[in-house]
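Below you'll find the structure, written out as C-alpha coordinates, and then a few comments.
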Amino acid sequence: MHRAAKKSAQAGIAAVEFTVALPLLLFLFLAVSEFGRAFLQYNALTRAVQDSARQVASEAIGNGTGVVVLDAALLATAKNLVVFGNTGGTGPALLPGLTVANVTVTNLGGGNIAVSAAYAYQPMIGTRIPDLVQGGPTPTLFTLRAEVRMRAIS
109 MHRAAKKSAQ AGIAAVEFTV ALPLLLFLFL AVSEFGRAFL QYNALTRAVQ DSARQVASEA
169 IGNGTGVVVL DAALLATAKN LVVFGNTGGT GPALLPGLTV ANVTVTNLGG GNIAVSAAYA
229 YQPMIGTRIP DLVQGGPTPT LFTLRAEVRM RAIS
(Lines of atoms letter the chains of each structure in order from A; the text may use other names.)
(Lines give C-alpha, C1' and ligand atoms only; values in the text may rest on other atoms or scores of the structure.)
Protein backbone atom coordinates (compact mmCIF):
# COMPACT_ATOMS: atom_id res chain seq x y z
CA MET A 109 0.00 0.00 0.00
CA HIS A 110 2.84 2.39 0.79
CA ARG A 111 4.43 1.86 -2.62
CA ALA A 112 1.15 2.47 -4.51
CA ALA A 113 0.51 5.74 -2.64
CA LYS A 114 4.02 7.01 -3.38
CA LYS A 115 3.65 6.17 -7.10
CA SER A 116 0.32 7.99 -7.44
CA ALA A 117 1.72 11.07 -5.66
CA GLN A 118 4.44 11.44 -8.29
CA ALA A 119 2.32 10.61 -11.34
CA GLY A 120 2.33 14.16 -12.79
CA ILE A 121 5.83 15.25 -11.74
CA ALA A 122 7.47 14.28 -15.04
CA ALA A 123 4.92 16.30 -17.02
CA VAL A 124 5.48 19.36 -14.81
CA GLU A 125 9.27 19.06 -15.12
CA PHE A 126 8.98 18.76 -18.89
CA THR A 127 6.72 21.84 -19.02
CA VAL A 128 9.24 23.85 -16.99
CA ALA A 129 12.28 22.68 -19.01
CA LEU A 130 10.75 22.94 -22.50
CA PRO A 131 11.09 26.74 -22.96
CA LEU A 132 14.75 26.63 -21.93
CA LEU A 133 15.47 23.72 -24.28
CA LEU A 134 13.72 25.47 -27.17
CA PHE A 135 15.65 28.67 -26.50
CA LEU A 136 18.96 26.79 -26.49
CA PHE A 137 18.06 24.95 -29.69
CA LEU A 138 17.12 28.20 -31.47
CA ALA A 139 20.23 29.99 -30.20
CA VAL A 140 22.56 27.25 -31.44
CA SER A 141 20.73 27.12 -34.80
CA GLU A 142 20.95 30.90 -35.22
CA PHE A 143 24.63 30.98 -34.32
CA GLY A 144 25.36 28.19 -36.80
CA ARG A 145 23.42 29.94 -39.53
CA ALA A 146 25.28 33.23 -38.90
CA PHE A 147 28.60 31.39 -38.97
CA LEU A 148 27.78 29.72 -42.29
CA GLN A 149 26.76 33.02 -43.87
CA TYR A 150 29.90 34.73 -42.57
CA ASN A 151 32.00 31.90 -43.98
CA ALA A 152 30.29 32.21 -47.39
CA LEU A 153 30.88 35.98 -47.40
CA THR A 154 34.54 35.62 -46.43
CA ARG A 155 35.22 33.00 -49.10
CA ALA A 156 33.54 35.13 -51.77
CA VAL A 157 35.63 38.16 -50.77
CA GLN A 158 38.81 36.04 -50.85
CA ASP A 159 38.01 34.76 -54.35
CA SER A 160 37.32 38.27 -55.56
CA ALA A 161 40.55 39.66 -54.05
CA ARG A 162 42.52 36.86 -55.68
CA GLN A 163 40.96 37.71 -59.05
CA VAL A 164 41.62 41.44 -58.68
CA ALA A 165 45.20 40.86 -57.49
CA SER A 166 45.94 38.77 -60.55
CA GLU A 167 44.42 41.24 -63.04
CA ALA A 168 45.10 44.67 -61.50
CA ILE A 169 48.59 44.95 -63.01
CA GLY A 170 48.02 43.92 -66.59
CA ASN A 171 49.81 46.63 -68.47
CA GLY A 172 53.38 45.78 -67.39
CA THR A 173 53.99 49.15 -65.71
CA GLY A 174 53.74 47.80 -62.19
CA VAL A 175 50.94 50.24 -61.36
CA VAL A 176 47.62 48.97 -60.00
CA VAL A 177 44.78 49.99 -62.30
CA LEU A 178 41.22 49.36 -61.15
CA ASP A 179 39.12 50.06 -64.22
CA ALA A 180 35.32 49.78 -64.39
CA ALA A 181 35.40 46.28 -65.90
CA LEU A 182 37.67 44.92 -63.16
CA LEU A 183 35.53 46.54 -60.45
CA ALA A 184 32.38 45.00 -61.93
CA THR A 185 34.08 41.60 -62.13
CA ALA A 186 35.22 41.83 -58.51
CA LYS A 187 31.80 42.85 -57.22
CA ASN A 188 30.01 40.16 -59.25
CA LEU A 189 32.36 37.52 -57.84
CA VAL A 190 31.46 38.50 -54.29
CA VAL A 191 27.72 38.76 -54.84
CA PHE A 192 26.99 36.05 -57.41
CA GLY A 193 30.04 33.79 -57.26
CA ASN A 194 30.80 34.32 -60.96
CA THR A 195 32.28 37.13 -63.04
CA GLY A 196 29.23 37.54 -65.26
CA GLY A 197 26.87 38.52 -62.45
CA THR A 198 24.31 35.86 -63.34
CA GLY A 199 22.20 33.71 -61.11
CA PRO A 200 20.97 34.29 -57.59
CA ALA A 201 23.03 36.10 -54.98
CA LEU A 202 25.15 33.90 -52.71
CA LEU A 203 23.50 35.48 -49.66
CA PRO A 204 19.94 36.83 -49.54
CA GLY A 205 19.94 40.61 -49.77
CA LEU A 206 23.61 40.93 -50.79
CA THR A 207 24.09 43.42 -53.64
CA VAL A 208 27.04 44.87 -55.52
CA ALA A 209 26.53 48.10 -53.56
CA ASN A 210 27.70 46.20 -50.45
CA VAL A 211 31.12 45.50 -52.01
CA THR A 212 34.09 47.89 -52.07
CA VAL A 213 37.31 47.45 -54.05
CA THR A 214 40.15 49.78 -53.07
CA ASN A 215 43.63 50.52 -54.34
CA LEU A 216 45.67 50.78 -51.13
CA GLY A 217 48.80 51.98 -52.86
CA GLY A 218 52.17 50.28 -52.93
CA GLY A 219 50.81 47.57 -55.20
CA ASN A 220 48.15 46.45 -52.71
CA ILE A 221 44.42 46.10 -53.16
CA ALA A 222 41.56 45.48 -50.74
CA VAL A 223 38.16 43.91 -51.31
CA SER A 224 35.60 44.32 -48.57
CA ALA A 225 31.92 43.55 -48.16
CA ALA A 226 29.32 44.42 -45.55
CA TYR A 227 26.24 42.21 -45.27
CA ALA A 228 23.20 42.95 -43.12
CA TYR A 229 22.52 39.60 -41.45
CA GLN A 230 18.81 38.81 -41.09
CA PRO A 231 18.11 36.37 -38.24
CA MET A 232 15.42 33.71 -38.48
CA ILE A 233 13.60 35.12 -35.46
CA GLY A 234 12.86 38.50 -37.05
CA THR A 235 14.27 41.98 -36.72
CA ARG A 236 13.25 42.67 -33.12
CA ILE A 237 12.85 40.73 -29.89
CA PRO A 238 10.30 42.16 -27.46
CA ASP A 239 11.93 43.32 -24.26
CA LEU A 240 9.72 42.50 -21.31
CA VAL A 241 11.96 44.21 -18.75
CA GLN A 242 12.54 47.68 -20.20
CA GLY A 243 9.51 47.82 -22.46
CA GLY A 244 11.28 48.53 -25.77
CA PRO A 245 12.12 45.99 -28.48
CA THR A 246 15.71 44.85 -28.91
CA PRO A 247 17.00 44.94 -32.50
CA THR A 248 18.52 41.70 -33.76
CA LEU A 249 20.08 42.95 -37.01
CA PHE A 250 23.84 43.13 -37.21
CA THR A 251 26.34 43.52 -40.00
CA LEU A 252 28.78 40.83 -41.09
CA ARG A 253 31.95 42.38 -42.50
CA ALA A 254 34.75 40.74 -44.44
CA GLU A 255 37.87 42.30 -45.91
CA VAL A 256 40.85 40.83 -47.69
CA ARG A 257 44.02 42.73 -48.60
CA MET A 258 46.42 41.35 -51.18
CA ARG A 259 49.44 42.41 -53.11
CA ALA A 260 48.72 42.75 -56.80
CA ILE A 261 50.86 40.50 -58.95
CA SER A 262 51.77 40.88 -62.59
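Numbering follows this note's numbering, in which position 37 of the sequence shown is assigned residue number 145; successive positions increment by one, without gaps.
Backbone N, C-alpha and C fix where the C-beta goes; we use that ideal spot for every residue, glycine too.
Model, not experiment: these values are computed from the prediction.
Check whether the Cβ atoms of residue i and residue j lie closer than 8 angstroms to each other.
i	j	result
V223	A181	no
G219	V176	yes
A49	V190	A question about residue 49 goes unanswered here, because the residues of the chain that appear run from 109 up to 262.
G193	L202	yes
Q149	Y229	yes
L153	L249	no
Out of the options, state which residue places its alpha-carbon closest to the alpha-carbon of residue i.
i	options	result
V211	L178, G174, A254, P200	A254
L183	T251, V256, E167	E167
G217	A146, L178, A123	L178
P231	L130, A139, R257	A139
V213	A260, L133, I121	A260
M258	T127, E125, D159	D159
F147	G197, Y227, V256	Y227
I221	A129, G197, Q163	Q163
DSSP has residue i in a bridge; who is on the other side?
i	result
R253	A226
R259	N220
At what residues does the alpha helix (DSSP H) containing residue i begin and finish?
i	result
G144	121-167
T195	Neither: T195 is in no alpha helix (DSSP H) and is coded neither H nor E.
Does any heavy atom of the ligand ADP sit closer than 7 angstroms to the C-beta of residue i?
i	result
I261	Looking for the ligand ADP in the displayed structure turns up nothing, as the structure carries no ligands at all.
Margin query: For a minimum of 3 consecutive residues, which ranges assigned as the beta strand (DSSP E) are wholly contained in the region 197-228?
Written below: 211-217
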